[in-house]
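Everything on this sheet refers to the single structure shown next.
Residue numbers (our numbering): 207 to 296.
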């Protein structure tokens, strides 16, 4: 008799909870080359006008560019403006 493998159902999928909430994923939204919104982050690690490094809930994010500025930030969301040259996950 063959054993049928048990298929694991993720409770979060069953409850239709969005992935970013269920798994604490960061959401990065870039508008053109001048505006970026980051949700679900933990700390600002480095902040200069050419590099911003952020500790996210699941890794680190590095933003490289010129005239970078954190326009605002709160507990879990921030807005960055400037000229972006690269966004890297570390």
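Even glycine gets a Cβ: it sits at the ideal position worked out from N, Cα and C.
Cross-strand partners of residue i (DSSP beta bridge)
i	result
residue 292	270
residue 232	Answer by DSSP bridge pairing: none, since residue 232 is not bridged.
residue 259	252 and 268
Simplified DSSP assignment, three categories, for residue i
i	result
residue 280	coil
residue 287	strand
residue 265	strand
Nearest-angstrom Cβ-Cβ length linking residue i and residue j, presumed shorter than 8 Å
i	j	result
residue 276	residue 267	The pair is not a contact, with the Cβ atoms about 13 Å apart (cut-off 8 Å).
residue 265	residue 289	24 Å between Cβ atoms; not a contact.
residue 245	residue 232	7 Å
residue 243	residue 283	7 Å
residue 247	residue 262	5 Å
Residue i, buried or exposed, once every other Cβ within 10 Å from all chains shown has been counted against 16
i	result
residue 210	Because the pLDDT at residue 210 is just 47, under 50, the model does not fix this residue reliably, and the value given afterwards should be weighed accordingly. When all chains shown are included, residue 210 counts as exposed.
residue 250	exposed
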